[in-house]
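Undergrad:
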Amino acid sequence: MARDPFRLIAQAQADYARCIDDDRLEAWPDFFSESCVYKITTAENLREGLEAGIIFANSRDMLRDRVSALREANIYERQSYRHILGQPYILSDDGAEVRTETSFLVVRIVQDGDPQIYATGRYLDVYAMSDDVAMLNQRIVVCDSSRINTLLAIPL
Amino acid sequence: MTQHLTAESAAAKSAWPPALTRVPYWVFQDEAIYRAEQEKIFRGPNWHYLGLTEELPKPGDFRTTKVGDASVIVTRGLDGGIYAFENRCAHRGALICLDKHGHREKDFACAYHGWTYDKKGNLTGVAFKNGVKGKGGMPASFRMEEHGPRKLRVALFQGLIFGSFSDAVPPIEDCLGGEISSRIKRVLGGRVPVVIGRFTQVLPNNWKLYIENVKDSYHASILHLFFTTFQLNRLSQKGAIIVDASGGHHVSYSMIDRQEDKDSEYSRQRLRSDSGYRLADPSLLEGFEEFPDGISLQILSVFPTFVLQQIQNAIAVRQIVPSSPSQTDLNWTYIGFADDTPAQRLIRIKQCNLVGPAGYISMEDGCIGGFVQRGIAAAADKESVVEMGGSRAESSDSRVTEASVRGFWKAYRACLNL
Chain A
1 MARDPFRLIA QAQADYARCI DDDRLEAWPD FFSESCVYKI TTAENLREGL
51 EAGIIFANSR DMLRDRVSAL REANIYERQS YRHILGQPYI LSDDGAEVRT
101 ETSFLVVRIV QDGDPQIYAT GRYLDVYAMS DDVAMLNQRI VVCDSSRINT
151 LLAIPL
Chain B
1 MTQHLTAESA AAKSAWPPAL TRVPYWVFQD EAIYRAEQEK IFRGPNWHYL
51 GLTEELPKPG DFRTTKVGDA SVIVTRGLDG GIYAFENRCA HRGALICLDK
101 HGHREKDFAC AYHGWTYDKK GNLTGVAFKN GVKGKGGMPA SFRMEEHGPR
151 KLRVALFQGL IFGSFSDAVP PIEDCLGGEI SSRIKRVLGG RVPVVIGRFT
201 QVLPNNWKLY IENVKDSYHA SILHLFFTTF QLNRLSQKGA IIVDASGGHH
251 VSYSMIDRQE DKDSEYSRQR LRSDSGYRLA DPSLLEGFEE FPDGISLQIL
301 SVFPTFVLQQ IQNAIAVRQI VPSSPSQTDL NWTYIGFADD TPAQRLIRIK
351 QCNLVGPAGY ISMEDGCIGG FVQRGIAAAA DKESVVEMGG SRAESSDSRV
401 TEASVRGFWK AYRACLNL
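Protein chains in written order, with our numbering: chain A, 1 to 156; chain B, 1 to 418.
(1) Taking 9 Å as the cut-off, decide whether the C-beta atoms of A/S33 and A/L136 are in contact.
(2) Mapping the DSSP letters down to three states, classify A/D65 as helix, strand or coil.
(3) Which residues of chain A have a Cβ atom closer than 9 Å to the Cβ of B/E364, listed in chain order?
(4) For A/R64, go through chain B and note every residue whose CB falls closer than 8 Å to its CB, in chain order.
(5) Nearest-angstrom Cα distance between A/L85 and A/G113?
(6) Is the Cβ of B/W16 closer than 9 Å to any Cβ of chain A?
(7) What residues in the segment 192-213 of chain B have a beta carbon less than 8 Å from any beta carbon of chain A?
(8) According to DSSP, simplified to helix, strand and coil, what is B/L418?
(9) For the candidate residues B/I161, B/F42, B/S396, B/S324, whose alpha-carbon lies nearest to that of B/K238?
(10) Hey, out of B/V195, B/A403, B/L279, whose CA is closest to A/A52's CA?
(11) Starting from A/A69, find everything on chain B with Cβ-Cβ shorter than 7 Å and list it in chain order.
(12) Taking the alpha-carbon positions, what's the B/I222 to B/K215 distance?
(13) If we count the other Cβ atoms within 10 Å of its Cβ and call it buried at 16 or more, is B/G81 buried or exposed?
(14) Which residues in the same chain as B/R92 place their Cβ atom closer than 8 Å to its Cβ, once the five residues preceding and following it in sequence are excluded?
(15) According to DSSP, is A/Y16 helix, strand or coil?
(16) Does the distance from the CB of B/A70 to the CB of B/N87 come in under 9 Å?
(17) Which same chain residues, not among the five before or five after B/Y210, have their C-beta less than 8 Å away from its C-beta?
(18) State the DSSP-derived secondary structure class of A/L50, mapped to helix, strand or coil.
(19) Count the CB pairs spanning the segment 243-256 of chain B and the segment 398-418 of chain B that are closer than 8 Å, and state whether there are at least three.
(20) Output the distance between the C-alpha atoms of B/R37 and B/A140, rounded to the nearest integer angstrom.
(21) Rounded to a whole number of angstroms, what is the C-alpha to C-alpha distance between B/V154 and A/N149?
(22) Restricting to Cα atoms, I'd like to know which of B/K133, B/G359, B/F128 is closest to B/F142.
(23) Can you tell me where the beta strand (DSSP E) with B/M363 in it begins and where it stops?
(24) For the beta strand (DSSP E) that contains B/G177, what are its first and last residues?
(25) By the three-class DSSP mapping on this structure, what secondary structure does B/V307 have?
(26) Please classify B/M1: does DSSP put it in a helix, a strand, or coil?
(27) Could you check how far apart the C-beta atoms of B/S384 and B/V74 are, in whole angstroms? I think they sit under 8 Å.
(28) Where B/D99 and B/S323 are concerned, what is the direct C-alpha to C-alpha distance, given to the nearest angstrom?
(29) Taking C-beta to C-beta, are A/D165 and A/F31 nearer than 9 Å?
(30) If you count every other CB in all the chains shown that lies within 10 Å of the CB of B/A314, and 16 or more means buried, which is it?
(31) Which class does B/P282 belong to by DSSP, given the choice of helix, strand or coil?
(32) Pick helix, strand or coil for A/R99, following the three-state DSSP scheme.
(33) If we define contact as Cβ-Cβ less than 9 Å, is B/G370 a contact residue for chain A?
(34) Measure how close the beta-carbons of B/Q298 and B/Q310 come, nearest whole angstrom, since I'm counting them as under 8 Å.
(35) Relative to chain C, which residues along the segment 136-151 of chain B have a C-beta separation below 7 Å, given in chain order?
(36) Can you check which of these residues, A/D93, A/R64, A/R60, is closest to A/R3 by C-alpha distance?
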């Protein structure tokens, strides 16, 4: 069967969104390779070349720790997201790695309250491709705004 | 006079008890108090953080910020000096500068009618001042030097820019005092800061609830489990708080003692601390030796709204900007230093996970003020109890105290005559 990176990546992204929105956070690190980079930053920080993120991880274990902390340590009101993702746009494809950009809109629901637009932005991704799976080597979450309402608990 | 009436009408809701151990809840809700704060605190005789000198490296660089409700332009003048003035055209009040930051050799020009201002905030031009073809224009009596946005006094201290609308504010060193000054120097002294990130956290609460939280060393190891579990901050470990004579500034610090405790008051009181929780990737907490004094945590505040934070190698300044009685912007600026090695810079970036809107040990501070704001919604005539560690607002060897919270209220009440 011919390799179809678009289909694999679109499938991986839909799965990623479902995983977070369905509160299966323990499975979230599995979308990443072991020595991945995951960062949440903002368009303004990216433009200015500022390296630090709201969240920064350079290993899958750091993502696991993020989930454990959310489950075991951190205090925040019960909340959920609804991710609405655009189509992945393939920036480059060298056979082993595919770079994509995908827009997102995330609505947050705190307790059982009003759905509120929490974040918009784009994923700048590097996928490691195999025959039947696309795995994230890198995901830079670039929020359009630098304003974060109250706190950021659940990952984007 | 108006302000006097304001304070009186607010006080009529329920008199403020004389002791520092009670804080009436209306002070977090009242519109009149909010307006009085704008005048007496934000435009009053206090120093407000405006930015870092390193954020304006070249003549002509500028940034806009806020001091309370006032939008302020901070510039590096063509003469190399730092200046600040209200971002309000002297003509009809429009914002002079719309950009968050930038570089301008030329004067600022108001978009509305083209009035121009130099880097010091002086009015330098009025479009069609002399009319067109001898008709229209400003009267001959109009003097540009008599018009302009309000200028702020500017003070530079250890790379920090402070500004004040008031001419009555004492010099910054006098205002800070020796102990607070030396604690700022301890973090920033003798090196060049580099901004590595800027984020704004929108807090659903009155600004004073956040400041109370910053100054509250009592809550730290109770609300923030992450901290406690990894022995970054236990009340039983070595540490202290410093409250300056005014009450308004404070330092809370602690030193890690990895050998110590385990069966401290925490397990006895069954506070959520001994979860046996461990990191899969502990490199997050593997810092580098940056401070010879061994202090791993130092939170410092300058009245009314500036915070300098050192948590291991995560250095940040926080600027608190109220936007209404029940909403506050918390501006985080994460800092590295010019002489960081790449490995050290990476450690700082990793440790920034501890702080900010998603911080392992600070995300709770983003919501806790909102829990109070919502909790007190129907309790304007009730008051909080701020009595841990006694009734005074002074330095203490114990961190099981609310002394620096009381210190804030001491300075606040002095400012507002409450």
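For each residue, glycine too, the CB sits at the ideal point set by N, CA and C.
TA: In brief:
(1) The criterion of a C-beta distance shorter than 9 Å is satisfied by A/S33 and A/L136.
(2) In the structure shown, A/D65 sits in a helix (DSSP, three-state: H, G or I).
(3) Chain-order list of chain A residues neighbouring B/E364: N74, I75, Y76, L151, by C-beta distance under 9 Å.
(4) Under the 8 Å cutoff, chain B gives A280, D281.
(5) Roughly 22 Å separates the two Cα atoms.
(6) Not one chain A Cβ lies under 9 Å of B/W16.
(7) Of all residues in the segment 192-213 of chain B, only V195, I196, G197, R198, F199, T200, Q201, V202, L203, P204 place a beta-carbon less than 8 Å from a beta-carbon of chain A.
(8) If DSSP states are grouped into helix, strand and coil, B/L418 belongs with coil.
(9) When only C-alpha atoms are compared, the closest one is B/S396.
(10) Of the listed residues, the one whose Cα sits closest to A/A52 is B/V195.
(11) Listed by position along chain B, the residues whose Cβ is nearer than 7 Å to that of A/A69 are F226, Y360.
(12) Taking the straight line joining both Cα atoms gives about 15 Å.
(13) B/G81 should be labelled exposed.
(14) The residues are Y112, H113.
(15) When DSSP states are grouped into helix, strand and coil, A/Y16 belongs to the helix group.
(16) Cβ distance < 9 Å, so B/A70 and B/N87 count as in contact.
(17) For B/Y210, where only same-chain residues beyond five positions count, the Cβ hits under 8 Å are L203, I320, T328, L330, D365, G369.
(18) In the structure shown, A/L50 sits in coil (DSSP, three-state: anything other than H, G, I, E or B).
(19) With three or more CB-CB distances shorter than 8 Å, the segment 243-256 of chain B counts as touching the segment 398-418 of chain B.
(20) According to the sequence shown, residue 37 of chain B is Glu rather than Arg. Going from the Cα of B/E37 to the Cα of B/A140 covers about 39 Å.
(21) Looking at the backbone, the Cα of B/V154 and that of A/N149 are separated by about 31 Å.
(22) The residue with the shortest Cα to Cα distance from B/F142 is B/F128.
(23) Note, B/M363: premise wrong, no beta strand (DSSP E); alpha helix (DSSP H) at 363-375.
(24) Where B/G177 is concerned, there is no enclosing beta strand (DSSP E), although the alpha helix (DSSP H) it sits in stretches over 172-188.
(25) B/V307 sits in a strand when the DSSP states are folded into three classes.
(26) In this prediction, B/M1 has a pLDDT of 38, which is less than 50 and means its spatial position is unreliable; nothing more can be read from the coordinates.
(27) Between B/V74 and B/S384 the Cβ distance is about 36 Å, and since that is not below 8 Å, they are no contact.
(28) Whole-angstrom Cα-Cα distance: 19 Å.
(29) In this structure chain A extends from 1 to 156, so residue 165 of chain A is not present and cannot be described.
(30) It is buried - the Cβ of B/A314 has at least 16 other Cβ atoms within 10 Å.
(31) Three-state DSSP puts B/P282 in a helix.
(32) Strand.
(33) Interface annotation, B/G370: in contact with chain A, CB-CB separation under 9 Å.
(34) Contact between B/Q298 and B/Q310 holds, with the beta-carbon distance rounding to 5 Å and staying under 8 Å.
(35) The chain labelled as chain C is not found among the protein chains of the depicted structure, namely A and B.
(36) Between A/R3 and the set A/D93, A/R64, A/R60, the nearest pair of CA atoms involves A/D93.
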